[in-house]
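I have placed the structure first, in the form of C-alpha cells, so that the comments after it can refer back to it.
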Amino acid sequence: MTVVEARDVQKTYHFGETQVQALRGVSLKIQSGEFVAIWGPSGSGKSTLCNLLGLLDEPSQGQILLKGQAVGTFSDNRLSEVRNEAIGFVFQNFNLVPVLSALENVMLPMQIQGVPLPEAQQRAMALLEEVDLTSHSHHRPTKLSGGQQQRVAIARALVSEPAMVIADEPTANLDSVNADRIIRLMRKVNRTHHTAFLFSTHDDRLLGSVDRHVRLKDGTIEEDVEHQAIDL
Ligand SMILES: Nc1ncnc2c1ncn2[C@@H]1O[C@H](COP(=O)(O)OP(=O)(O)O)[C@@H](O)[C@H]1O
Ligand SMILES: [Mg+2]
Numbered sequence: 177m178t179v180v181e182a183r184d185v186q187k188t189y190h191f192g193e194t195q196v197q198a199l200r201g202v203s204l205k206i207q208s209g210e211f212v213a214i215w216g217p218s219g220s221g222k223s224t225l226c227n228l229l230g231l232l233d234e235p236s237q238g239q240i241l242l243k244g245q246a247v248g249t250f251s252d253n254r255l256s257e258v259r260n261e262a263i264g265f266v267f268q269n270f271n272l273v274p275v276l277s278a279l280e281n282v283m284l285p286m287q288i289q290g291v292p293l294p295e296a297q298q299r300a301m302a303l304l305e306e307v308d309l310t311s312h313s314h315h316r317p318t319k320l321s322g323g324q325q326q327r328v329a330i331a332r333a334l335v336s337e338p339a340m341v342i343a344d345e346p347t348a349n350l351d352s353v354n355a356d357r358i359i360r361l362m363r364k365v366n367r368t369h370h371t372a373f374l375f376s377t378h379d380d381r382l383l384g385s386v387d388r389h390v391r392l393k394d395g396t397i398e399e400d401v402e403h404q405a406i407d408l
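Each residue of the sequence shown is one higher than the last, beginning at 177 in my numbering.
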C-alpha cells in the first residue's frame with residue numbers, strides 16, 4: 177500500500193523579487209514498511225521534499241496524496257488530524273522542549289491529544305525502553321548527548337504509531353558512531369512495527385543500509401533505486 181505519494185510536485189520559494197525553484201517536478205511513492213533514504217547535497221531540495229511529503233508545507237504545483245487521497249482538498253483541521261495520526265517527524269536539531277524531561281517530551285503529544293496521564297506515562301516509558309533510554313527518562317535534553325536526544329525524538333515520533341516517520345537529516349549533527357546507532361534504531365523500529373521510514377542525508381555512507389535510495393540534484397530526482405540493504 178502506498179502511504180504517501182508526490183505527483184509531479186514543484187515548489188518555488190519567493191522572497192522579494194527573487195524566486196528559488198527548490199523542486200522541479202518530483203514524483204515519488206513511499207510504500208508501507210519501506211526504509212528509504214533521500215540523498216543529495218546541500219540545497220538539492222531534501223528538506224523541501226520532506227516537508228511536502230510530511231504535509232508540513234504545500235507544493236506550488238502538483239499533488240501530495242496520503243493513502244491515495246489528495247491532501248490539497250483537505251481543510252486545515254482535517255490536514256493536521258491526518259498528519260498527526262499518520263506521520264511522525266524527526267528533525268536535524270532534535271527539536272525537544274528544553275524544560276521538559278525525556279519522558280515529558282515523549283508524553284507531550286499524547287497530552288495534547290488528551291490521552292489520560294497514566295496511560296501517556298506508560299506508553300512513553302515503553303517507547304523510551306524501545307530506544308534504550310529507560311535510565312535517562314527524567315533527564316532534560318541538556319543532560320543528554322546528541323545521539324540520546326535524537327533517540328528521544330524518535331520515541332516521540334512513534335507516539336501515534338504512525339504509518340510513516342519522516343526524518344530530515346536525523347544524523348547530520350551526530351558523529352558517525354551515533355549516526356550509525358540512529359540508523360540501526362530506525363531500522364529496528366521499521367522491522368518490528370512495519371513503520372515506513374524516509375530519512376534525508378547528505379552522507380552517502382548511509383546509502384548501503386537502506387532498501388531504496390533516491391538521489392536529488394537541483395530539485396529533481398536523478399536516481400531512485402532499490403537494493404539489498406546491509407545492516408550497519
Ligand atoms: N524558506 C525558504 N525560502 C527561500 N528559499 C528556500 C527556503 N527553503 C529552502 N530554500 C531554497 O530552496 C533550495 C532547496 O533547499 P532545501 O530543500 O532546504 O535543500 P536541502 O535540504 O537539500 O539542503 C535551496 O536553494 C534553498 O536555498
Ligand atoms: Mg535540509
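Ideal Cβ placement from N, Cα and C applies to all residues, glycine included. Because the structure is a prediction, the values reported are computed rather than measured.
The shortest CA-to-CA distance from ASP400 to any of ASP407, LEU408, VAL258, VAL386 is the one to VAL386. Across the structure, GLY221 and LYS393 are spaced so that their CA atoms are roughly 8 Å apart. Across the structure, THR396 and SER218 are spaced so that their CA atoms are roughly 13 Å apart.
Counted as a single uninterrupted DSSP element, the beta strand (DSSP E) harbouring LEU374 occupies residues 372-377. Excluding the 5 residues flanking it on each side, ALA246 has same chain C-beta neighbours closer than 6 Å at GLN239, in chain order.
The C-beta distance from VAL266 to ALA329 rounds to 5 Å, short enough to fall under 8 Å. Along the region 313-347, the beta strand (DSSP E) occurs as fully enclosed runs of 3 or more residues at 340-344, listed in sequence order.
Nearest Cα to ALA405 within the set VAL273, GLU398, THR371, ARG360: ARG360. If you compare the alpha carbons of ILE263, ALA198, HIS378 with that of LEU334, the shortest gap goes to ILE263.
Chain order is used for the residues whose beta-carbon lies nearer than 6 Å to a heavy atom of ligand 1, namely TYR189, PHE191, VAL196, ALA198, GLY216, SER218, GLY219, SER220, GLY221, LYS222, SER223, THR224. Comparing alpha carbon positions, the residue from LEU241, GLU398, GLU402, CYS226 closest to ARG388 is GLU402. With respect to the C-alpha of PHE211, the residue from LEU304, ILE288, ARG391, THR371 having the closest C-alpha is THR371.
Note on geometry: alpha-carbon atoms of ALA339 and PHE191 lie some 35 Å from one another.
At the C-beta level, PRO317 and ALA278 come within 9 Å of one another.
When only Cα atoms are considered, GLU398 and ARG391 end up about 5 Å apart.
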